[in-house]
Amino acid sequence: MTTMIDLGPQAREVKALLDGVREDQLTAPTPCESYAVRELLGHLLDLSRAFTDAARKDLGGGTDHAPSESLPQLPEDWRSRLPVQLDELAAAWGSEPAWEGQTRAGGVDLPAALAGVVAVNEVLLHGWDLARATGQDYRGDPGALEASVGMLSQAEPEQRGSMFGPAVEVGAGAPLLERAVALAGRRPDWTPPEGSTVR
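Counting from 194, one number per residue, gives the positions in the sequence shown under this note's numbering.
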C-alpha cells in the first residue's frame, strides 16, 4: 500500500518566500552553483509543471524531457504563475491515483510513488535554496522531511554527481532539514558570498 505525502505544507512554505524575493536579488547566487535566483525560480516553474503532469499521468511535453543543459528561463509573470503552479502541484499529488502505477518524469519511466517522493524532495530542497539565497527563514514540513531524508539516504553512487552532490557530513543530532540538505550535497551553513545582494 502506497503512503501518500501531502505536498501542500511544503508548497505553501515555498509560496511564502516569493513576496520576499526582491528584483535586485534575481541575479544573486544560490546554493545551486549554476543557478542564480532567477534560474532557480525558473527551475521551480519547470519542475512544478512537469511533476503536476506526472501526477496526472499526462505524459508528454514536460514529462518527456530530461533537465536541459541550458539555464531555465524566468518569464516576466513568474510572480503570478509560480504560486498557482505550486498549488496545482500539491493538488495533483493529493489524489490517491497519482501515487499508483507508473508515470514519467525527466524522460524516465518510474513508479508513481517514487515520482511523488522526488517531487516532494525537489520542492523542499529548492525552497531551502531560495530562502538561503534571499535571506529568509524556512521550515521543512515533517512529512516532506522524512520522505526526503529517506530517499536521499538511499541514493545510489551513480546518482551522486548527476542528481546530487557528494553528501556533506553533519552531526548525529542535526535537525532533519539540515540532514536533508547535507544528503543532497549542500552545506547547511551556506550563506551568500560577501558582497552579493541579500536582505
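Each residue gets a CB set at the ideal place from its N, CA and C atoms; glycine is no exception.
Cutting at 7 Å between CB atoms, please list the residues of its own chain near residue i, excluding the five before and the five after it.
{"i": "G364", "result": "none"}
Return the residue from the list the options that minimises the CA-CA distance to residue i.
{"i": "V310", "options": "C225, G343, G320", "result": "G343"}
{"i": "T291", "options": "P268, D334, D251", "result": "Note that residue 291 corresponds to Ala in the displayed sequence, not to Thr. Among P268, D334, D251, the Cα nearest to that of A291 is on D251."}
{"i": "V377", "options": "G333, E387, E315", "result": "Residue identity differs from the one stated: residue 377 is Ala in this sequence, not Val. Looking at the Cα atoms, E315 is the closest of the given residues."}
{"i": "L282", "options": "L318, D270, E387, T245", "result": "T245"}
{"i": "R205", "options": "L317, R215, A360", "result": "L317"}
{"i": "L369", "options": "G213, F357, G333", "result": "G333"}
{"i": "D257", "options": "D280, R297, Q278", "result": "R297"}
{"i": "L279", "options": "P202, L338, M197, R379", "result": "P202"}
{"i": "E216", "options": "D270, V207, L237, E387", "result": "D270"}
{"i": "L275", "options": "A308, G287, S288, V214", "result": "V214"}
Are the CB atoms of residue i and residue j nearer to each other than 7 Å?
{"i": "L267", "j": "D322", "result": "no"}
{"i": "D199", "j": "G336", "result": "yes"}
{"i": "R242", "j": "G255", "result": "yes"}
{"i": "V313", "j": "A284", "result": "no"}
{"i": "A248", "j": "G299", "result": "no"}
{"i": "F357", "j": "A348", "result": "yes"}
{"i": "L338", "j": "A373", "result": "yes"}
Under 8 Å Cβ to Cβ from residue i, same chain only, skipping five residues before and after it: list those, please.
{"i": "Q295", "result": "D302, L303, P304, A305"}
{"i": "S263", "result": "none"}
{"i": "L210", "result": "G320, L323, A324, T327, Q329, Y331"}
{"i": "V207", "result": "L237, L279, V316, H319, G320, L323"}
Going by the DSSP bridge assignment, what does residue i pair with across the sheet?
{"i": "R297", "result": "D302"}
{"i": "A229", "result": "P222"}
In chain order, what residues of the same chain lie with their CB nearer than 6 Å to the CB of residue i, ignoring the 5 residues before and after it?
{"i": "G235", "result": "P265, Q266, L267"}
{"i": "T220", "result": "A229"}
{"i": "V361", "result": "A375, R380"}
When the cut-off is 7 Å and only beta carbons count, does residue i lie next to chain B?
{"i": "G213", "result": "Here chain B cannot be found, since the structure has a single protein chain."}
message: Under 8 Å, with one C-beta from each stretch per pair, do the region 211 to 225 and the region 371 to 390 reach the 3-pair mark?
response: yes
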